[in-house]
Amino acid sequence: YYYGDGSTVKGSIYYIDGTNWTLADADAESSASGLLAVALGTDPDVDGMLLRGFVTLLTEVEGTEAIGSPLYLSATDSGIATTTAPSGNTDIIRVLGYSLHATDNQVYFNPDNTFVEYTT
183 YYYGDGSTVK GSIYYIDGTN WTLADADAES SASGLLAVAL GTDPDVDGML LRGFVTLLTE
243 VEGTEAIGSP LYLSATDSGI ATTTAPSGNT DIIRVLGYSL HATDNQVYFN PDNTFVEYTT
């Protein structure tokens with residue numbers, strides 16, 4: 183998807199807030215419930231943003247990956263995937279996709295259209 187303003191980091195997970203791509207974070211509904219994408223370069227309208235498909239994430243997935251394990255948006259580090267569903271008060275739990283390799287950050291990125299807000 184070739185659209186948007188701002189500077190991105192290839193392989194990080196972003197949400198769009200109108201025209202700007204911002205690092206996604208499970209700590210806030212506004213940054214975890216809408217359109218998510220993985221940056222394919224440093225300029226979203228030139229390099230593009232991956233909305234769904236196979237991709238290698240920039241940063242190591244948090245937790246212990248296994249092939250086929252579901253991935254979630256991290257609540258501790260913005261723009262990063264984790265194998266553990268967020269569990270802090272008001273964290274957003276949303277499946278981002280699935281791990282394809284135990285150590286190489288290769289994932290099938292396919293964010294679910296539904297999400298749950300965790301409350302304690």
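Residues 183 to 302 (the numbering used here) are what the sequence shown spells out, left to right. For every residue, glycine included, the Cβ atom is placed at its ideal position computed from N, Cα and C.
In chain order, what residues of the same chain have a beta carbon less than 8 Å from the beta carbon of residue i, not counting five sequence neighbours either side?
i    : result
T266 : E244, G245, Y254
G200 : none
P293 : L218, R234, R276, V277, L278, G279
Let me check one thing: in DSSP terms, what residues is residue i bridge-paired to?
i    : result
G279 : L253, F291
G264 : Correcting the residue type first, residue 264 is Thr in the shown sequence and not Gly. Paired residues: E244, Y254.
L232 : V220
E299 : I274
T205 : Going by the sequence as given, residue 205 is Leu instead of Thr. L205 pairs with Y196.
T238 : Q288
Among residues of its own chain, excluding the 5 on either side of residue i, which ones have a beta-carbon nearer than 6 Å to its beta-carbon?
i    : result
W203 : G186, G188, T190, Y196, P226
D229 : L222, G223
G216 : Y197
Y184 : D227, G230
Tell me whether residue i sits in a helix, a strand or coil according to DSSP, three-state version.
i    : result
D187 : strand
S215 : coil
Since residue i and residue j should fall inside the 8 Å C-beta cutoff, what is the C-beta to C-beta distance between them, to a whole number of angstroms?
i    : j    : result
T258 : T301 : About 18 Å separates the two Cβ atoms, so there is no contact after all.
G250 : Y280 : 6 Å
First and last residue of the alpha helix (DSSP H) that includes residue i?
i    : result
D229 : 226 to 229
Report all residues from its chain with a CB closer than 7 Å to the CB of residue i; omit the five preceding and five following residues, and keep chain order.
i    : result
S376 : The displayed coordinates of the chain run from 183 to 302. Any statement about residue 376 would go beyond what the structure contains.
H283 : I249
I275 : Y254, A267, P268, F297, V298, Y300
L240 : V191, K192, G193, S194
E242 : N287
F158 : Residue numbering for the chain in the displayed model covers 183 to 302; residue 158 lies beyond these limits and cannot be assessed.
Quick one: does the C-beta of residue i sit closer than 6 Å to a heavy atom of the ligand ADP?
i    : result
A219 : In the structure shown, the ligand ADP is absent, as is every other ligand, since no ligand is present at all.
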